[in-house]
Amino acid sequence: MLEFPRWKYLVILAVLVLSTLYALPNVFQSDYAVQITGNRGAPLDDALKARVSGYLQEAGVQPRSVAVENDSLLVRVADADAQTLAADTLRGQLGENYTVALNLASNVPDWLERLGARPMVLGLDLQGGVHFVLQVDQKAALEKRIDAYVEDVRVTLRDNRIRYTAVDRRADHSIAVTLASDADTARAREQLAKVMPTMAIEGDGNRLVVRIPEAELNQIAGSAIEQNIATLRNRVNELGVAEPIIQRQGNDRIVVQLPGVQDTAAAKRMIGATATLEYRAVIDGNAADAVATGRVPPEAKVFYRRDGRPELLSKRVIVTGDQMVAAQSTIDQNGQPAVSVTLNNVGGDRMFEFTSANVGKPMAVVYTERIPQVTLVNGEEVRSFRVKEEVISVANIQGVFGKNFQTTGLEKAEADELAKLLRAGSLAAPMDFVEERIVGPSLGKENVERGVTAVLYAFVFTLVFFAVYYRMFGVITGIALLFNLLIVVAVMSLFGATMTLPGFAGLALSIGLSVDANVLINERIREELRAGVPPKAAIVAGYDKAGGTILDANLTAIIAGVALYAFGTGPLKGFAVTLMIGILASMFTAITVSRAIVTLVYARRKKLKSLAI
Numbered sequence: 035m036l037e038f039p040r041w042k043y044l045v046i047l048a049v050l051v052l053s054t055l056y057a058l059p060n061v062f063q064s065d066y067a068v069q070i071t072g073n074r075g076a077p078l079d080d081a082l083k084a085r086v087s088g089y090l091q092e093a094g095v096q097p098r099s100v101a102v103e104n105d106s107l108l109v110r111v112a113d114a115d116a117q118t119l120a121a122d123t124l125r126g127q128l129g130e131n132y133t134v135a136l137n138l139a140s141n142v143p144d145w146l147e148r149l150g151a152r153p154m155v156l157g158l159d160l161q162g163g164v165h166f167v168l169q170v171d172q173k174a175a176l177e178k179r180i181d182a183y184v185e186d187v188r189v190t191l192r193d194n195r196i197r198y199t200a201v202d203r204r205a206d207h208s209i210a211v212t213l214a215s216d217a218d219t220a221r222a223r224e225q226l227a228k229v230m231p232t233m234a235i236e237g238d239g240n241r242l243v244v245r246i247p248e249a250e251l252n253q254i255a256g257s258a259i260e261q262n263i264a265t266l267r268n269r270v271n272e273l274g275v276a277e278p279i280i281q282r283q284g285n286d287r288i289v290v291q292l293p294g295v296q297d298t299a300a301a302k303r304m305i306g307a308t309a310t311l312e313y314r315a316v317i318d319g320n321a322a323d324a325v326a327t328g329r330v331p332p333e334a335k336v337f338y339r340r341d342g343r344p345e346l347l348s349k350r351v352i353v354t355g356d357q358m359v360a361a362q363s364t365i366d367q368n369g370q371p372a373v374s375v376t377l378n379n380v381g382g383d384r385m386f387e388f389t390s391a392n393v394g395k396p397m398a399v400v401y402t403e404r405i406p407q408v409t410l411v412n413g414e415e416v417r418s419f420r421v422k423e424e425v426i427s428v429a430n431i432q433g434v435f436g437k438n439f440q441t442t443g444l445e446k447a448e449a450d451e452l453a454k455l456l457r458a459g460s461l462a463a464p465m466d467f468v469e470e471r472i473v474g475p476s477l478g479k480e481n482v483e484r485g486v487t488a489v490l491y492a493f494v495f496t497l498v499f500f501a502v503y504y505r506m507f508g509v510i511t512g513i514a515l516l517f518n519l520l521i522v523v524a525v526m527s528l529f530g531a532t533m534t535l536p537g538f539a540g541l542a543l544s545i546g547l548s549v550d551a552n553v554l555i556n557e558r559i560r561e562e563l564r565a566g567v568p569p570k571a572a573i574v575a576g577y578d579k580a581g582g583t584i585l586d587a588n589l590t591a592i593i594a595g596v597a598l599y600a601f602g603t604g605p606l607k608g609f610a611v612t613l614m615i616g617i618l619a620s621m622f623t624a625i626t627v628s629r630a631i632v633t634l635v636y637a638r639r640k641k642l643k644s645l646a647i
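Counting in my numbering, the sequence shown runs from 35 upward without gaps.
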């Protein structure tokens with residue numbers, strides 16, 4: 035009568051082994067570390083290790099180890115103070131060819147990592163994480179928008195066949211337009227007013243001045259912060275960071291806190307990157323002669339390839355990364371890395387118009403990056419940006435295309451990173467990291483330790499109470515509860531779910547539901563025994579009759595968890611995820627695992643007269 039299928043024992047054993055395996059990484063504590071990654075192919079070799087070790091020795095830092103791990107040079111140190119000192123030293127010595135970032139380095143053995151096992155991610159409130167403060171260059175945002183207005187003025191005049199000799203941006207943020215002597219000034223004013231209704235258009239004769247209202251200038255500077263915050267959220271989503279904190283600080287700063295990030299160098303590059311693509315027409319002429327003589331055509335600008343060869347390209351940009359709505363790293367027909375690009379309607383129309391008129395002619399792709407620099411002027415740090423522009427490819431236009439096409443000429447890592455940046459959107463203004471540190475738990479280390487201690491004592495008290503009150507069945511319930519906790523930790527570690535304080539609440543609630551399930555089973559068995567049912571039959575009846583009630587109760591809790599996850603944000607989602615994982619685990623352990631153990635203990639006893647319950 036008291037039977038349990040053997041295949042279920044095998045399932046339970048497999049779940050136990052896998053749960054232990056994937057929960058095990060949480061035993062290994064992380065080290066404070068400084069992570070160094072090379073930019074654009076900078077080498078990570080023994081010479082760099084020797085340089086880094088020398089710089090650290092001069093600064094008085096004694097590292098635990100300096101080694102290349104996962105395509106980065108990782109310097110492990112003893113504590114947070116040594117980490118900060120090492121990062122400041124190396125950042126100043128290595129320059130812009132390397133990205134230096136703070137990190138928490140994993141100590142999980144390689145054999146576990148090869149199996150995909152990693153520690154459970156703890157939220158900022160429990161573990162802390164990486165803290166960045168970024169300074170937004172609002173002046174650059176203003177200049178970028180005014181440059182766009184300048185291009186709009188040129189396009190409007192060209193489209194309406196109004197001849198002009200110059201369109202320039204002035205220091206006071208106005209736009210000076212010099213028309214040809216035979217141009218229709220009144221018509222020019224009329225067309226510009228249609229395109230820019232908020233602008234004041236002044237001047238007489240063949241000279242016009244387009245003035246941007248002060249309110250709009252202020253709005254451009256302010257909106258740069260909000261757009262950057264939205265872009266940062268997209269970029270952090272590309273990194274797969276759960277429950278980050280991204281918020282404004284003051285007039286021109288943004289705070290970013292990332293819990294559980296293992297590759298902070300990649301996060302730092304992704305967050306602060308301003309790299310994008312520009313597509314430009316190639317101007318006829320000998321670029322080398324133009325550079326040598328200084329006679330560059332007025333409509334052209336000199337750009338350089340990576341090997342140093344000059345190219346004459348049009349000052350006018352056909353489309354930029356701002357007009358890209360989708361990007362995917364891929365492989366072209368020749369097996370080389372490429373980025374598949376999808377433009378918005380405006381960019382697609384411009385590209386279609388250009389390629390239609392220039393089939394067989396060359397077009398260049400320019401990789402543009404703004405690199406932050408810090409220089410000392412009279413003892414004070416002055417932050418600025420250096421624009422780095424490289425021609426990554428020049429190819430003849432083989433046919434007409436518009437919104438969808440491929441860009442080649444990048445290395446595999448560059449294609450992957452650029453695709454992520456283009457998907458996330460461009461920054462309205464460049465940003466510089468003015469502060470970076472590893473932060474402790476937002477609740478405070480002592481409060482976290484007390485909370486964990488309280489949960490531990492409560493759990494132990496529950497196990498002791500069950501053992502005393504239900505005797506053998508109480509011990510079996512305790513084993514099922516421990517198995518339940520092991521499964522929850524393993525699942526959350528395996529899928530990278532973030533455990534926060536609300537998550538602990540969800541875990542406690544799911545354990546409570548598991549306790550309720552075992553209480554229902556045990557009390558049902560007691561009722562059957564009081565009714566005179568034989569012990570083995572009472573066990574079977576207790577599990578069978580309590581199973582439906584347990585299923586109904588847990589199903590309603592799961593529905594509530596799904597609703598919380600679907601409509602909630604932040605802490606509510608963390609609570610819901612832990613709750614649902616815990617409920618599913620508790621249903622398995624309370625109904626299946628405990629019954630398997632009971633069957634092992636009592637099934638072979640032929641003359642079972644009573645139960646320890």
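Note that CB positions come from ideal geometry on N, CA and C, so glycine has one too.
Could you pull the start and end residues of the beta strand (DSSP E) that residue i belongs to?
i       : result
Ile-365 : 358-365
Ala-101 : 99-103
Asn-438 : 438-442
Gln-281 : 279-283
In the DSSP output, what is residue i paired with across the bridge?
i       : result
Arg-203 : Ile-209
Leu-519 : According to DSSP, Leu-519 bridges with nothing at all.
Pro-344 : Tyr-338
Met-397 : Ala-315 and Ala-429
Ser-374 : Gln-362 and Gln-440
Thr-402 : Thr-310 and Glu-423
Once you ignore the five residues that flank residue i on each side, which residues in its own chain have a CB closer than 7 Å to its CB?
i       : result
Glu-557 : none
Ala-372 : Thr-364, Ile-365, Asp-366, Gln-440, Thr-441, Thr-442 and Ala-449
Ile-263 : Ile-280, Arg-282 and Ile-288
Gly-394 : Asn-430 and Ile-431
When the Cα of residue i is compared with those of the options, which residue comes out closest?
i       : options                               : result
Val-111 : Gln-127, Asn-104 and Gln-91           : Gln-91
Ile-472 : Gly-608, Ile-235, Tyr-504 and Pro-293 : Pro-293
Leu-119 : Leu-535, Val-68, Leu-138 and Glu-562  : Val-68
Ala-551 : Ile-584, Asn-141 and Gly-342          : Ile-584
Ala-492 : Leu-515, Ile-510 and Ala-255          : Leu-515
Gln-225 : Glu-250, Gly-157, Arg-195 and Asp-341 : Arg-195
Ile-573 : Leu-606, Ile-625 and Leu-547          : Ile-625
Val-325 : Val-567, Arg-343, Leu-311 and Thr-310 : Arg-343
Leu-541 : Thr-389, Asn-588, Asp-586 and Ile-615 : Ile-615
Asp-144 : Leu-138, Asn-104 and Met-154          : Asn-104
Lys-641 : Val-596, Pro-568 and Phe-622          : Pro-568
Leu-520 : Ile-46, Ser-53 and Phe-38             : Ser-53
Arg-282 : Met-304, Ser-257 and Val-155          : Ser-257
Ile-305 : Lys-335, Val-170 and Asp-318          : Val-170
Asp-193 : Ile-431, Glu-451, Phe-62 and Arg-384  : Arg-384
Thr-389 : Glu-403, Ile-431 and Gly-369          : Ile-431
Val-380 : Leu-44, Thr-354 and Glu-403           : Thr-354
Which residues mark the beginning and the end of the alpha helix (DSSP H) in which residue i is found?
i       : result
Asn-141 : No alpha helix (DSSP H) holds Asn-141; DSSP gives it neither H nor E.
Glu-691 : There is simply no residue 691 to check, as the chain begins at 35 and stops at 647 in what is shown.
Lys-570 : 569-601
Val-95  : Neither: Val-95 is in no alpha helix (DSSP H) and is coded neither H nor E.
Gln-172 : 172-193
Give me, in chain order, the residues of the same chain whose beta-carbon lies closer than 8 Å to that of residue i; leave out the 5 immediate sequence neighbours on both sides.
i       : result
Arg-350 : Glu-185, Arg-188, Arg-314, Ala-315 and Glu-333
Glu-470 : Ala-121, Ala-135, Leu-136, Val-164, His-165, Phe-166, Val-167 and Lys-302
Thr-219 : Leu-213, Asp-238, Gly-239, Asn-240 and Leu-242
Could you have a look at residue i and say whether DSSP puts it in helix, strand or coil?
i       : result
Ile-352 : strand
Leu-461 : coil
Gly-237 : strand
Leu-613 : helix
Gln-63  : coil
Thr-310 : strand
Val-124 : It should be pointed out that residue 124 corresponds to Leu in this sequence rather than to Val. Residue state, collapsed to three classes: helix.
Leu-107 : strand
Arg-484 : helix
Pro-605 : helix
Ile-246 : coil
Excluding sequence positions up to five away, which residues of its chain have a Cβ less than 6 Å from the Cβ of residue i?
i       : result
Val-270 : Pro-278
Gln-261 : Ala-462
Phe-386 : Gly-436
Leu-200 : Position check: residue 200 holds Ala in this sequence, whereas Leu was assumed. Counting only Cβ-Cβ distances below 6 Å, and skipping sequence neighbours, we find Thr-212.
Val-425 : Phe-337, Arg-339, Glu-345, Ala-398 and Val-400
Can you determine whether any heavy atom of the ligand FAD sits closer than 6 Å to the C-beta of residue i, and answer yes or no?
i       : result
Thr-534 : This structure lacks the ligand FAD, and indeed carries no ligand of any kind.
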